[in-house]
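Worksheet for the structure shown next.
There are 4 protein chains.
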Amino acid sequence: MPKHETRLRVRYAETDQMGVVYHANYLVWMEIGRVEYVRSCGFNYKDLETLEGILLSVVDVQCRYLYPARYDEEVVVRTEMVRSNPRMVEFGYEIRHAEPDRLLASGSTRHIWLNRNMRPSRLPEKYHDFLLRA
Amino acid sequence: MPKHETRLRVRYAETDQMGVVYHANYLVWMEIGRVEYVRSCGFNYKDLETLEGILLSVVDVQCRYLYPARYDEEVVVRTEMVRSNPRMVEFGYEIRHAEPDRLLASGSTRHIWLNRNMRPSRLPEKYHDFLLRA
Amino acid sequence: MPKHETRLRVRYAETDQMGVVYHANYLVWMEIGRVEYVRSCGFNYKDLETLEGILLSVVDVQCRYLYPARYDEEVVVRTEMVRSNPRMVEFGYEIRHAEPDRLLASGSTRHIWLNRNMRPSRLPEKYHDFLLRA
Amino acid sequence: MPKHETRLRVRYAETDQMGVVYHANYLVWMEIGRVEYVRSCGFNYKDLETLEGILLSVVDVQCRYLYPARYDEEVVVRTEMVRSNPRMVEFGYEIRHAEPDRLLASGSTRHIWLNRNMRPSRLPEKYHDFLLRA
Numbered sequence: 001m002p003k004h005e006t007r008l009r010v011r012y013a014e015t016d017q018m019g020v021v022y023h024a025n026y027l028v029w030m031e032i033g034r035v036e037y038v039r040s041c042g043f044n045y046k047d048l049e050t051l052e053g054i055l056l057s058v059v060d061v062q063c064r065y066l067y068p069a070r071y072d073e074e075v076v077v078r079t080e081m082v083r084s085n086p087r088m089v090e091f092g093y094e095i096r097h098a099e100p101d102r103l104l105a106s107g108s109t110r111h112i113w114l115n116r117n118m119r120p121s122r123l124p125e126k127y128h129d130f131l132l133r134a
Numbered sequence: 001m002p003k004h005e006t007r008l009r010v011r012y013a014e015t016d017q018m019g020v021v022y023h024a025n026y027l028v029w030m031e032i033g034r035v036e037y038v039r040s041c042g043f044n045y046k047d048l049e050t051l052e053g054i055l056l057s058v059v060d061v062q063c064r065y066l067y068p069a070r071y072d073e074e075v076v077v078r079t080e081m082v083r084s085n086p087r088m089v090e091f092g093y094e095i096r097h098a099e100p101d102r103l104l105a106s107g108s109t110r111h112i113w114l115n116r117n118m119r120p121s122r123l124p125e126k127y128h129d130f131l132l133r134a
Numbered sequence: 001m002p003k004h005e006t007r008l009r010v011r012y013a014e015t016d017q018m019g020v021v022y023h024a025n026y027l028v029w030m031e032i033g034r035v036e037y038v039r040s041c042g043f044n045y046k047d048l049e050t051l052e053g054i055l056l057s058v059v060d061v062q063c064r065y066l067y068p069a070r071y072d073e074e075v076v077v078r079t080e081m082v083r084s085n086p087r088m089v090e091f092g093y094e095i096r097h098a099e100p101d102r103l104l105a106s107g108s109t110r111h112i113w114l115n116r117n118m119r120p121s122r123l124p125e126k127y128h129d130f131l132l133r134a
Numbered sequence: 001m002p003k004h005e006t007r008l009r010v011r012y013a014e015t016d017q018m019g020v021v022y023h024a025n026y027l028v029w030m031e032i033g034r035v036e037y038v039r040s041c042g043f044n045y046k047d048l049e050t051l052e053g054i055l056l057s058v059v060d061v062q063c064r065y066l067y068p069a070r071y072d073e074e075v076v077v078r079t080e081m082v083r084s085n086p087r088m089v090e091f092g093y094e095i096r097h098a099e100p101d102r103l104l105a106s107g108s109t110r111h112i113w114l115n116r117n118m119r120p121s122r123l124p125e126k127y128h129d130f131l132l133r134a
C-alpha cells in the first residue's frame with residue numbers, strides 16, 4: 001500500500017496566541033490522515049466501529065515539530081501503515097506545507113483493536129487483505 | 001437556588017492567534033458551569049447519564065462577548081437555572097474576570113432531556129426536588 | 001451576494017461521549033463558513049489581519065440545534081452576509097447534512113472590526129465593494 | 001526540583017464517541033502541568049512571553065496511553081523537568097487517575113526557547129536559578 005495523502009486547510013480555531021497551530025492539533029490531523037488512509041483501502045473506519053464493534057485505540061503517539069503551520073495554509077498529511085497484525089496497527093505520518101512543499105512535522109501512532117467493552121480484540125479476518133501490511 | 005460560581009484558569013490551548021480566548025471555548029466553560037451547578041445541587045450529571053440513561057442535550061446557545069479573556073487569567077463562571085420543567089432546562093451564565101471583577105461575556109443555553117436512543121425524555125421524578133426550579 | 005456553501009467531514013475529535021458532535025464545534029464550522037464566504041468574494045480574511053491589521057472580532061453568537069451531526073458525515077455550511085457596514089458584519093448560517101439533505105442547525109454571528117490594539121475600527125474602503133452588503 | 005502535581009477534572013468537551021478522553025487532550029493537560037510547574041518555581045510562564053518576549057516552543061512530544069480517562073474524573077498531572085539548559089527544556093509527565101491512584105498515561109515534551117521572531121533564543125540569565133536543572 002503506497003502512502004496516502006489528504007489535504008486540509010488550517011482553521012482559525014487551531015491557532016494559539018503564538019500565532020501558529022497549537023501543537024496538539026497535529027494529532028487531530030494524524031487521525032484525519034489514518035481515517036482517509038483506511039477509506040482509500042476501500043471501506044470506512046466508521047463501519048468498523050458501528051458494524052463490527054471494534055475500535056482503533058491509540059496506545060502511543062510521537063510527533064516531532066520542525067516548522068510551524070499557520071492559519072489558512074494548506075497542509076498535506078501523508079500517511080502510511082508502517083506495521084500491522086490482527087491485534088495492532090502502526091501508522092507513520094508526514095505533515096507538509098502544500099506550496100511550497102516543506103516538511104512541517106513527522107510522527108507516528110500505534111494502536112490496538114478494542115471491542116465494545118474496551119478489551120483487546122482482533123481485526124476480523126475479512127479485513128485482513130485490506131488492512132494487514134504484507 | 002442561588003447562582004453557582006466555579007473558577008477556571010485560561011489554558012494556552014484555548015487562545016487563538018488574536019491573542020485572546022477563541023470564542024467557541026466560552027461554550028465549553030458554560031458546560032463546566034452547569035455541571036458544577038448540578039453538582040452543587042447534590043448529585044452528578046455523570047450519574048444521570050450512566051445510571052438513569054438520560055442526557056442533557058443542547059438545543060439552543062446564545063453568547064454575547066464584551067471583553068476578551070486572555071491566557072492564564074482566572075475566570076469565574078456564574079451559572080443559574082433560569083427555567084426548568086421535566087422536559088427542558090434553561091441556564092443563564094455570566095463569565096467574569098476574577099480580579100479585578102469584570103463581566104467578559106454573558107449567555108444562555110437551553111436543553112432537553114434525551115434517553116439513550118436520543119429521543120425526548122423526562123427527568124425522573126426523584127430529581128425534581130433538586131433540579132426543578134420553583 | 002448569494003449564499004456560499006462549503007463542505008467538511010466530521011472529525012472524530014469533534015464528537016463527544018454522547019456519540020454526536022460536541023455543540024461548541026458548530027461555532028468552529030461557522031467560522032470556516034465565513035472565511036470561505038470571504039474567499040469567494042475574491043480575497044483572504046488572512047490578508048485583512050496581516051496586511052491591513054484589522055481583525056473580525058465576534059461579539060455575538062447564536063445557534064439552534066435541530067439534529068445531531070455524527071462522525072464521518074459530510075456537512076454543508078451555508079453562509080450568507082445578513083447585514084454589514086464599515087464597522088460591523090452579521091452572518092447567518094445553515095449547517096446541513098449533505099446526503100440526504102437535512103438541516104442540522106442554524107445560527108448567526110455578529111462581528112465588529114478591531115485594529116491591532118483591539119480597538120473598534122473600520123473596514124478599509126477598498127474592501128467595501130466586496131464586503132458591504134447593498 | 002521535586003515533581004509538581006496539578007489536578008483537573010475531565011470536561012465533557014474532552015471526551016469522544018469512544019466514551020473516553022480524546023487522546024490529543026493529554027497534550028493539553030501536559031501543557032497545564034508544565035505551566036503550573038513553572039508557577040511553582042516562583043513566576044509565570046505568561047510573563048516570559050509578555051515581558052521577556054520569549055516563547056517555549058514544542059519540538060517533540062511523546063505519549064503512551066495505558067488506561068483511558070473518563071468524563072468527570074479527577075486527574076493528576078505530575079510534571080518534572082528532566083533536562084534543561086539555556087536553549088532547551090525537557091519535561092516528563094505522569095497522568096494519573098486521582099482516586100484510586102492509577103497511572104493513565106506517561107509522556108514527555110521537548111522545547112526550545114524562541115524570540116518574538118520565532119528564532120531560537122536563550123532563557124535570560126535571571127531565570128537560570130529557577131528553571132535550569134542542576
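Protein chains in written order, with the numbering used here: chain A, 1 to 134; chain B, 1 to 134; chain C, 1 to 134; chain D, 1 to 134. Idealized CB from N, CA, C, for every residue including glycine.
Going by C-alpha to C-alpha distance, which of PHE130/D, LEU132/D, ASP16/D, MET118/D sits closest to GLY53/D? Locating residue 53/D in the fourth sequence gives position 53, counting from the first residue. Residue MET118/D is the option with its Cα nearest to GLY53/D.
Give the single residue among TRP29/B, GLN17/B, PRO86/B whose Cα lies nearest to the Cα of GLU94/B. Locating residue 94/B in the second sequence gives position 94, where the first residue counts as 1. Of the candidates TRP29/B, GLN17/B, PRO86/B, the one whose C-alpha sits nearest the C-alpha of GLU94/B is TRP29/B.
Using Cβ-Cβ distances below 7 angstroms, what residues of the stretch 41-57 of chain A are close to chain C? ASN44, LYS46
Taking only beta carbons into account, state which residues of the stretch 13-24 of chain C come closer than 7 angstroms to chain E, listed in chain order. Considering every chain present, this structure includes no chain E. Its protein chains are A, B, C and D.
Locate the alpha helix (DSSP H) running through GLY33/A, then write down its first and last residues. Residue mapping note: residue 33/A aligns to position 33 of the first sequence, counting from 1. In the DSSP assignment, GLY33/A falls within the unbroken alpha helix (DSSP H) covering 25-40.
Could you confirm whether any beta carbon from chain C is found closer than 9 angstroms to the beta carbon of TYR67/A? Within the first sequence, the letter at position 67 stands for residue 67/A. Answer no: the Cβ-Cβ gap between TYR67/A and chain C never drops below 9 angstroms.
Which value, in whole angstroms, describes the spacing of the CA atoms of ASN44/C and TYR37/D? Counting from one through the third sequence, the residue named residue 44/C turns up at place 44. Counting from one through the fourth sequence, the residue named residue 37/D turns up at place 37. One C-alpha to the other measures close to 40 angstroms.
Please classify TYR71/A: does DSSP put it in a helix, a strand, or coil? Here residue 71/A refers to the residue found at position 71 when the first sequence is read from its first residue. Coil at TYR71/A, not helix or strand.
Quick check: what's the CA-CA separation for VAL77/D versus MET88/D? Here the question's residue 77/D lines up with position 77 in the fourth sequence. Here the question's residue 88/D lines up with position 88 in the fourth sequence. If I take the Cα positions, the gap works out to 21 angstroms.
Return yes when the Cβ of TYR71/D is within less than 9 angstroms of the Cβ of THR15/D, no when it is not. In the fourth sequence, residue 15/D corresponds to position 15, counting from 1. In the fourth sequence, residue 71/D corresponds to position 71, counting from 1. Yes, the pair counts as a contact, with Cβ atoms nearer than the cut-off.
Closer than 8 angstroms at the beta carbon, the chain B residues around LEU27/C: Numbered from 1 along the third sequence, position 27 holds the residue referred to as residue 27/C. Those are HIS23, ALA24, LEU27, listed as they occur along chain B.
CA-CA distance, LEU103/A and PRO120/B? As a working note, residue 103/A is residue 103 in the first sequence. As a working note, residue 120/B is residue 120 in the second sequence. Cα to Cα, LEU103/A sits roughly 49 angstroms from PRO120/B.
Nearest to ALA24/A (by Cα), restricted to the options VAL61/D, VAL75/D, ALA69/D: Sequence index remark: in the first sequence, residue 24/A carries index 24 (1-based). Nearest option by C-alpha distance: VAL61/D.
Looking only at its own chain, which residues have a Cβ that is under 8 angstroms from the Cβ of LEU51/B, when we skip the five neighbours before and after it? Within the second sequence, numbered from 1, the residue matching residue 51/B stands at position 51. Answer for LEU51/B: no residue qualifies.
Step through the CB atoms of chain B and report whether any lies within less than 9 angstroms of the CB of MET88/C. Position 88 of the third sequence holds residue 88/C. By this cut-off, MET88/C is not an interface position.
Taking the beta carbon of GLU31/A as the centre, do at least 16 other beta carbons fall within 10 Å, making it buried, or is it exposed? As a first step, residue 31/A is located in the first sequence; it is residue number 31 there, counting from the start. Classification of GLU31/A: buried, given that the 10 Å Cβ count is 16 or more.
Starting from ILE32/C, find everything on chain A with Cβ-Cβ shorter than 7 angstroms and list it in chain order. Counted from its first residue, the third sequence places residue 32/C at position 32. Simply ARG11.
Check the DSSP bridge columns for LEU136/C and list the partner residues they point to. The structure shown does not extend to residue 136/C, since chain C is modelled only from 1 through 134, so no value can be given for it.
For TYR71/B, go through chain A and note every residue whose CB falls closer than 8 angstroms to its CB, in chain order. Residue 71/B sits at position 71 when you count from the first residue of the second sequence. In chain order: GLN17.
At the level of alpha carbons, what is the spacing between MET81/C and ASN115/C? Here the question's residue 81/C lines up with position 81 in the third sequence. Here the question's residue 115/C lines up with position 115 in the third sequence. Their Cα atoms are separated by approximately 21 angstroms.
Measuring alpha carbon to alpha carbon, tell me which residue in MET18/D, PHE91/D, PRO86/D is nearest LYS3/D. Locating residue 3/D in the fourth sequence gives position 3, where the first residue counts as 1. Residue PHE91/D is the option with its Cα nearest to LYS3/D.
Can you pull the chain B residues whose beta carbon is under 9 angstroms from the beta carbon of VAL61/C, in chain order? Position 61 of the third sequence, counted from the first residue, corresponds to residue 61/C. Per Cβ cutoff of 9 angstroms: HIS23, ALA24, TYR26, LEU27, VAL61, GLN62, CYS63, ARG64, TYR65, GLY107.
Tell me whether LEU48/B sits in a helix, a strand or coil according to DSSP, three-state version. On the second sequence, position 48 is the one that residue 48/B refers to. In this structure, LEU48/B counts as helix in the three-state DSSP scheme.
So that I know if they touch, is there some Cβ in chain D lying closer than 9 angstroms to that of MET81/A? Taking the first sequence and counting its residues from 1, one reaches residue 81/A at position 81. It does not: the Cβ of MET81/A has no partner Cβ on chain D nearer than 9 angstroms.
Go to ASP60/A, then tell me how far its beta strand (DSSP E) extends in each direction, as first and last residue. Numbered from 1 along the first sequence, position 60 holds the residue referred to as residue 60/A. Where ASP60/A is concerned, the enclosing beta strand (DSSP E) stretches over 54-65.
How far does the beta strand (DSSP E) with LEU8/A in it reach, from first residue to last? Residue 8/A sits at position 8 when you count from the first residue of the first sequence. Segment 4-9, the beta strand (DSSP E) holding LEU8/A.
Are the Cβ atoms of GLN17/B and GLY19/A separated by less than 9 angstroms? Against the second sequence, residue 17/B aligns to sequence position 17. Against the first sequence, residue 19/A aligns to sequence position 19. Contact check for GLN17/B against GLY19/A passes: the beta carbons are separated by less than 9 angstroms.
Residues that PHE91/A bridges to, as DSSP identifies them: As a working mapping, residue 91/A is identified with position 91 in the first sequence. The partner list for PHE91/A (beta bridge, DSSP) reads MET81/A, THR109/A.
What three-state label does DSSP hand LEU123/C in the structure shown? As a first step, residue 123/C must be located in the third sequence, where it is residue number 123. Reduced to three states, the DSSP call for LEU123/C is coil.
Rounded to whole angstroms, how far is the Cβ of VAL10/B from the Cβ of VAL21/B, which I believe are closer than 8 angstroms? The residue labelled residue 10/B in the question sits at position 10 within the second sequence. The residue labelled residue 21/B in the question sits at position 21 within the second sequence. Indeed they touch by this definition, with Cβ atoms about 6 angstroms apart.
Going by DSSP, which residues form a beta bridge with LEU114/D? Your numbering for residue 114/D matches position 114 in the fourth sequence. In the DSSP output, where bridge partners are listed per residue, LEU114/D has LEU55/D, PRO120/D.
Over the uninterrupted alpha helix (DSSP H) stretch that includes LEU132/C, give me the two end residues. Looking up residue 132/C in the third sequence gives position 132. Run containing LEU132/C: none; DSSP gives neither H nor E here.
Check whether the Cβ atoms of ALA13/B and ALA69/B lie closer than 9 angstroms to each other. Counting from one through the second sequence, the residue named residue 13/B turns up at place 13. Counting from one through the second sequence, the residue named residue 69/B turns up at place 69. Contact: no.
Below-9 angstroms beta-carbon distance, VAL77/C vs any chain A residue: Residue numbering aside, residue 77/C sits at position 77 when the third sequence is read from its first letter. By this cut-off, VAL77/C is not an interface position.
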